[in-house]
Amino acid sequence: MNHLDTRWCLILVAAGWLAACADATPSGEADSAVAPDMLPVEQDMFMTGPPVDMGAPPVVGARELRIVGEIDRLLYFDQTGDFTVEFVGRDVDGQERGVANATLTATLLDEMNQDRSAQGYEGTAFVRGQRKVTDASGRATFQLRAGMRDIRAKLKVEADGADPVQFNVLVAREGSGSIRVRVLYDDAEGRYDFRTVTEARVDLFDRQNCDFLRDTVPNLQGAYFSLPAITPFNEVNNEVFQNDLDDGLTFSVTASVQNQMGNTVAFGCVDGALIRGGEVAVVEINAKDLPLQFKGKFTVVNKFDLSGVLRSSMNGALGTVADVLDVLRVLGGGDGDRGDAIVELFCDLVNIDDGICNVVETIVAPLVDRLIERFVPPEILRVLTVISDILTIVQRFTTIGEIEFTVPGPDMDNLITGTDNRWQQFRFQWRNGCPMGENCQRQFAIGNLDQERRPIAGVFESYLESREDPDTGRSDLYLVIEPHSLNFRYGIIILGLAEAWIIPAIVGQPGPITLEELLGTLLPCEDINDFFGDPNSGLCEDILVAALSEILYDQIRRLDFAPEAFQLRGTAIPVDEDGNLEIDRLQNGKWIGSLRIGDQELSFNGCFEGCRGDEECPPPECDIVNE
-1 MNHLDTRWCL ILVAAGWLAA CADATPSGEA DSAVAPDMLP VEQDMFMTGP
49 PVDMGAPPVV GARELRIVGE IDRLLYFDQT GDFTVEFVGR DVDGQERGVA
99 NATLTATLLD EMNQDRSAQG YEGTAFVRGQ RKVTDASGRA TFQLRAGMRD
149 IRAKLKVEAD GADPVQFNVL VAREGSGSIR VRVLYDDAEG RYDFRTVTEA
199 RVDLFDRQNC DFLRDTVPNL QGAYFSLPAI TPFNEVNNEV FQNDLDDGLT
249 FSVTASVQNQ MGNTVAFGCV DGALIRGGEV AVVEINAKDL PLQFKGKFTV
299 VNKFDLSGVL RSSMNGALGT VADVLDVLRV LGGGDGDRGD AIVELFCDLV
349 NIDDGICNVV ETIVAPLVDR LIERFVPPEI LRVLTVISDI LTIVQRFTTI
399 GEIEFTVPGP DMDNLITGTD NRWQQFRFQW RNGCPMGENC QRQFAIGNLD
449 QERRPIAGVF ESYLESREDP DTGRSDLYLV IEPHSLNFRY GIIILGLAEA
499 WIIPAIVGQP GPITLEELLG TLLPCEDIND FFGDPNSGLC EDILVAALSE
549 ILYDQIRRLD FAPEAFQLRG TAIPVDEDGN LEIDRLQNGK WIGSLRIGDQ
599 ELSFNGCFEG CRGDEECPPP ECDIVNE
């Protein structure tokens, strides 16, 4: 027998075997009394299908399952519904084509995503099997027979090489309608993420509209119906269904997003959701963050860095202050330049001609050096050195105060008005020359440093702004503080600091001790006057003590600024730690300060942290970022 005859024999044998199998199969349609899940599976044995158009190019590209028609399907009790999908791909020419003869599998899932395909779900079950073969156009249809119980279910269809698709199935009494609500929350734009918001609650209202309901959040009352909570609520699990609603009802639909503590932190509402019998009303709600409550007092720790402000100033007064403090440092340093420094300072202060001053410096400077070496004891030189370190201390200083919000939050223009910024105490850290064993950090009430007790305070406006972090891409809500002026008597503060703390700490006596008292006590004026030929001349008291202390007072007082000359602006992140919509902390606060002197404006940086309540919070320390 040749090869051709052999092939024909095999075909005839196979055909006879198929005919015998066909004869063994009962003819006619399935009895309707037979349970749907017991019906024979259509084409399950050989997965035969419609003939394929052999002239069409094969599908070679990525494949995709698609739902044909609506994703939401409402079935009445004992009704059979068709659920059609199509399986498509692309051929070698890039043309989209249906994938024929492909096997698709369907799964019936309950509300908990449990597989109910085998036994059905509350009477709702497959008709004619869970597996289908696509026709020439790539389509296949599954059938469900509804039971006699209200249910919400899902019909998932899968195919090799494609993502599954899923129908939403609602079963209800005849004439009723259903609703599907999808709740959206943008955690990139909002204050919260899906680790902190865990549940969404949907309510239907038939008598109140959204304008009224927004005003009553979070205490919503009078709902016609409350749908099952969406939990855990996230980007994927964000839908809820309700069936058996009367035809013709119209609802305002609300979504309340709640955090782990059960507090409503975001809210959305849609008016006019109409229920039609036999249909599914689809509602999508965008939940937005509820307003934060600011009203109240926050204890605030501020830090400022004035490094370089005095030296960068073109203003003569500020430059002289720096010169005076530098001379004091030279006096205590013992580097041999004391006489030159003192002569240069006095020449500058009294505007002596440079030529004359050079002559005086040549003659007087060495004499001053000898006087200091002979008559000024080492302890007073150390005092002068430490006083000069005030410049270092005040360049970076800390204040403790309050920020008090007098209104709950932003108005219709996103403005928070009438907020007080008050400084009540200064905190200084003194290291250079700090006596052994001494606590060289002090905190002073402003009234103890400034006898006029004028408060350092200002009132500001602010607004809220969403800003994206360039590193994480996440947006944070910022409180932006507008420029505001403060009455800052800085020179008085510096003198009070020296006389109330530093000088008493050095000499070991209770304060306050004024600079003039210090110089008069420590300088050996009798010996110095005797050196100049007259012990009773009073030269030391009138020149060295009175004049030097007056220079110090006069120059340091020049650091008092009018309110319009000292301004701050800044930003902070308001934080609601417990999710009750009341701001608990002001974090990552940044200050940008400015000093206006004449036509010149000097800038400096600062930082702050704040917490609601008194000093027992307490706010953490902050770090100044010089950008």
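For what it's worth, our numbering labels the leading residue of the sequence shown as -1, then goes sequentially.
Glycine included, every Cβ here is placed at the ideal spot set by N, Cα and C.
Check, Outcome
"Span separating the alpha-carbon of Lys293 from that of Val405", "5 Å"
"Contained alpha helix (DSSP H) runs [length at least 4] in the region 168 to 238, N- to C-terminal order", "208 to 214"
"Candidates Asp80, Val281, Thr397 and Glu575, of which the one nearest Glu237 by Cα", "Val281"
"Residue span of the alpha helix (DSSP H) that contains Phe529, given as start and end", "Cys523 to Phe529"
"Cβ neighbours of Ala160 in the same chain (closer than 6 Å, five flanking residues each side left out)", "Arg61, Glu62 and Leu63"
"Per-residue burial, Thr229 [other beta carbons within 10 Å of its own, 16 or more giving buried]", "exposed"
"Within 8 Å, strictly: CB atoms of Ala285 and Val255", "yes"
"CB of Glu497 within 8 Å of CB of Gly509, strictly", "yes"
"Distance between Ser483 and Glu562 (C-alpha atoms, nearest Å)", "6 Å"
"Closest Cα partner of Gly494 within the set Gly587, Gln441 and Ile526", "Gln441"
"Spatial distance of Asp425 from Trp499 (CA atoms)", "Reading off the sequence, residue 425 comes out as Arg, not Asp. In a straight line, the C-alpha of Arg425 is about 12 Å away from that of Trp499."
"Supposed close pair Leu168, Phe239 - CB separation, criterion 8 Å", "6 Å"
"Reduced DSSP secondary structure (H/G/I, E/B, other) of Leu546", "helix"
"Chain-order list of residues whose beta-carbon lies under 7 Å from that of Ile69 (same chain, five-residue window excluded)", "Phe165 and Asn166"
"Nearest residue (CA-CA) to Arg126, options Ser115, Gln141, Ala116 and Gly275", "Gln141"
"Boundaries (first-last residue) of the beta strand (DSSP E) holding Gly456", "Ile454 to Glu466"
"Cβ pair Cys627, Thr297 closer than 8 Å", "Because the chain here runs from -1 to 625, residue 627 falls outside it and cannot be looked at."
"Buried versus exposed call for Thr214 [16 or more other C-beta atoms within 10 Å across all chains shown]", "exposed"
"For Glu539, the three-state DSSP class (helix, strand or coil)", "helix"
"Start and end residues, beta strand (DSSP E) containing Leu288", "That residue, Leu288, is in no beta strand (DSSP E); it is neither H nor E in DSSP."
"Rounded C-alpha distance that separates Ile622 from Arg394", "10 Å"
"Separation of Ser176 from Glu277, as counted between CA atoms", "6 Å"
"Cβ pair count under 8 Å reaching 3, the region 144 to 152 against the region 109 to 123", "yes"
"DSSP three-state assignment for Glu515, whether helix, strand or coil", "helix"
"Candidates Leu202, Leu579 and Asp113: closest to Ala279 by CA position", "Leu202"
"CB contact flag (Leu243, Ile273, <8 Å)", "yes"
"Nearest-angstrom Cα separation, counted from Ala264 out to Phe231", "13 Å"
"From Gln439, Phe403 and Asn485, residue whose alpha carbon lies closest to that of Leu461", "This sequence places Tyr at residue 461; Leu is not what is there. The residue with the shortest Cα to Cα distance from Tyr461 is Phe403."
"Separation of Leu182 from Val86, as counted between CA atoms", "30 Å"
"beta-carbon Thr101 near the ligand SAM non-hydrogen atom, thresh 7 Å", "The ligand SAM is not part of the structure shown, which contains no ligands of any sort."
"Leu107 versus Arg193, Gly79, Ala151 and Gln93, residue with shortest Cα-Cα distance", "Ala151"
"Residue from Ala134, Gly136, Ser135 and Gln117 whose Cα sits closest to the Cα of Gln128", "Gln117"
"Inter-stretch contact (C-beta, 8 Å, three-pair minimum) for the region 586 to 597 and the region 567 to 575", "yes"
"For Ile273, the first and last residue of its enclosing alpha helix (DSSP H)", "Run containing Ile273: none; DSSP gives neither H nor E here."
"Reduced DSSP secondary structure (H/G/I, E/B, other) of Glu672", "The chain is shown from -1 up to 625; residue 672 falls before or after that span and cannot be answered."
"CB contact flag (Leu542, Ile526, <8 Å)", "yes"
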